[in-house]
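Below is one structure, written out as structure tokens; comments come after it.
Put into structure tokens, the structure is as follows:
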């Protein structure tokens, strides 16, 4: 079997990193990574790009703004996965145009992965703009007749689970946790490594052609309150719960003194935690990633939260230190 | 032999990452990493902290602002390495105070690694502030009688070598390169992985006690022009050279319309590339890392630049693609 050539756009981004790692780990694919002026202007992307190269990736230079170079590059590629940043979604229209012209791309996966934009037509500003842009890209793909798959993986563990959904914090709080309303809406919490694997699996699967695939394993469907309780059991500490009302949260979203990026994120949190949009519609088993790929194991919420435990407390180090020293004293006496 | 307990401050920073990896790779040490509110507020530090934990690091929570918790933590620690960020240098005075009180730390390595601040008393603003702060920390360490080592590793490959010393670019330019003056001052270019290894080696070496150690392997002493010529040989392309005069560069540094951070970096580049400060003073062999640790191999400039080559050009992919397709046509006929 020939290995297929996969081009990843956005390989140094947050979720792009995990998709790239999964693609590099798969022996069935040759991984090509688009690099350009933006990648080369950030010192933080350099070690990552070099590590990809070391693991076998081929870096190719092209710009989304240079249609001819893009067409030329794509004519040698089988699959295209985009994990372009949220503020670059419409840039993908240039990619769609080039993919259409080339005509030989077997599958295009646009940058999605979060909440399904086709179920967010009712969403509130400013987050609504992101979903509008994602729908615009979807419609352009469909109108161009490009073979595609949309992968919806819901709440990334790093962004949502690490702080128990507390805002702006990426490690469980030690004393107090913010609870959205009663904290009982069900959410899907997914570890990024698993998302990367499912994206690469779905990419060349005949069953996923021109469909939306949801990553919604039963073990990872939990409410915020259930997540907080799991953490309390793991850490052995009870957290103070600060319940935020829907009214308070909506006021935050509308507060024009706050930065746009913050209000944008607040509005997406609104739909997830106050509206419960993620589990608000049923899906079929044959659209669900863990059913499609039962051979892949999934990190459940409990296992991942456990990796966040600070194993050693100050007390543990000191005890160890004193134990060692008293042992020495004993040997000396 | 007991393994020693090493506490690293700034483990998620640019050079701290490589020091942490080197410490984790050493079987003689147990690695403890200071984490706190700053670490937990950045989503980008989460995957890194989790990967450290997976490799055996112990994360401990403490704040430099909480003297008692710091003293309590340090009482179980043998060695302290700081790789705190450049804008946090004076925060280390709090660490010095706690280390002095504990009195059992065998060695403290403050955040240095770049240019030796004791040879920068003549340096120009705004970069001069960084060197002043580093000197202030050194003097506090010495006055407190804390066992210490200062490691000077000069120009990090990522920041300086990746763009052939072009400003704000971390991949070799394709067409044009900025040359500082005639580009002939000698510079020491060091790969971060090697710096990390030397720091961990120097940490518990009796020969480095209360001394400044320079990482200055002969193979890595090259001028900017020599580096550019090496890249031209590797890439097979001749770059256009744009020579910047000392006068032009000094004007940039003084241009108050430019952001402070940029002028700060410009002024450090001035001393390195126009003044040639790095090689302006002699050092002894027994103060030089590659002489002290001949068992460690060093990435030379050529080897590291070679990792930046974009192996596949568009042409290569296309040729491969057409070759494969023509083969298929042949098999079908």
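Protein chains in written order, with my numbering: chain A, 1 to 333; chain B, 334 to 666. The beta-carbon is built from N, C-alpha and C at its ideal position, and this holds for glycine as well.
{"Item": "Identity of the residues DSSP links to residue 339(B) by a beta bridge", "Value": "364(B), 412(B)"}
{"Item": "Alpha-carbon to alpha-carbon, residue 383(B) and residue 435(B)", "Value": "30 Å"}
{"Item": "Neighbour-count burial assignment, residue 186(A), 16 or more Cβ in a 10 Å radius", "Value": "exposed"}
{"Item": "Same chain, Cβ closer than 7 Å to residue 241(A), neighbours up to 5 away in sequence not counted", "Value": "177, 179"}
{"Item": "Best match in 293(A), 172(A), 11(A) for proximity to residue 84(A) [C-alpha to C-alpha]", "Value": "11(A)"}
{"Item": "Residue 168(A) burial status per 10 Å Cβ neighbour count (16 or more: buried)", "Value": "exposed"}
{"Item": "Proximity of residue 148(A) and residue 107(A) at Cβ, strictly below 9 Å", "Value": "yes"}
{"Item": "DSSP three-state assignment for residue 468(B), whether helix, strand or coil", "Value": "helix"}
{"Item": "Any C-beta of chain A under 9 Å from that of residue 314(B)", "Value": "Here chain B has residues from 334 to 666 only, and residue 314(B) is not among them."}
{"Item": "Min CB distance residue 17(A) to chain B below 9 Å", "Value": "yes"}
{"Item": "Cutoff 9 Å: residue 394(B) Cβ touching any chain A Cβ", "Value": "yes"}
{"Item": "Among 95(A), 100(A), 81(A), 128(A), the one whose alpha carbon lies nearest that of residue 112(A)", "Value": "81(A)"}
{"Item": "Straight-line gap, residue 224(A) to residue 165(A) (C-alpha atoms, nearest Å)", "Value": "7 Å"}
{"Item": "Any C-beta of chain B under 9 Å from that of residue 185(A)", "Value": "no"}
{"Item": "Beta-ladder partner(s) of residue 484(B), from DSSP", "Value": "546(B)"}
{"Item": "Simplified DSSP assignment, three categories, for residue 351(B)", "Value": "helix"}
{"Item": "Residue-chain proximity (residue 582(B), chain A), Cβ-Cβ < 9 Å", "Value": "no"}
{"Item": "Inter-stretch contact at 8 Å, needing at least 3 Cβ pairs: the segment 53-71 of chain A / the segment 113-125 of chain A", "Value": "no"}
{"Item": "Minimum Cβ-Cβ distance from residue 265(A) to chain B less than 9 Å", "Value": "no"}
{"Item": "Alpha helix (DSSP H) runs wholly inside the segment 40-80 of chain A, at least 4 long, in chain order", "Value": "45-54, 67-74"}
{"Item": "Expected contact under 8 Å - CB spacing of residue 545(B) and residue 483(B) to nearest Å", "Value": "4 Å"}
{"Item": "Collapsed DSSP secondary structure at residue 654(B) in the structure displayed", "Value": "In this prediction, residue 654(B) scores a pLDDT of 45, lower than 50, which makes its location untrustworthy; the coordinate-derived value is nonetheless stated afterwards. Helix at residue 654(B)."}
{"Item": "Coarse secondary structure for residue 278(A), derived from DSSP in three states", "Value": "helix"}
{"Item": "At least three beta-carbon pairs within less than 8 Å, the segment 450-460 of chain B to the segment 591-606 of chain B", "Value": "yes"}
{"Item": "Same chain, Cβ closer than 7 Å to residue 134(A), five either side skipped, listed in chain order", "Value": "89, 112, 117"}
{"Item": "Chain-ordered neighbours of residue 47(A) on chain B, where CB pairs are closer than 7 Å", "Value": "491"}
{"Item": "Any non-hydrogen atom of the ligand MN within 8 Å of residue 116(A) CB", "Value": "As presented, the structure is devoid of all ligands, the ligand MN included, so that no description of it is given."}
{"Item": "Proximal residues to residue 201(A) (C-beta, below 6 Å), its chain only, five neighbours per side dropped", "Value": "293"}
{"Item": "Residues from the segment 361-373 of chain B in contact with chain A, defined by Cβ distance under 8 Å", "Value": "365, 368, 372, 373"}
{"Item": "Residue interval of the beta strand (DSSP E) (run including residue 190(A))", "Value": "186-190"}
{"Item": "Reduced DSSP secondary structure (H/G/I, E/B, other) of residue 107(A)", "Value": "strand"}
{"Item": "Residue 297(A) to residue 161(A) span [Cα, whole Å]", "Value": "19 Å"}
{"Item": "Members of the segment 497-528 of chain B near chain A, C-beta cut-off 7 Å", "Value": "501, 502, 503, 504"}
{"Item": "CB contact flag (residue 141(A), residue 96(A), <9 Å)", "Value": "yes"}
{"Item": "Alpha carbon of residue 17(A) to alpha carbon of residue 543(B), nearest angstrom", "Value": "42 Å"}
{"Item": "Status (buried if at least 16 other CB within 10 Å, exposed otherwise) for residue 104(A)", "Value": "exposed"}
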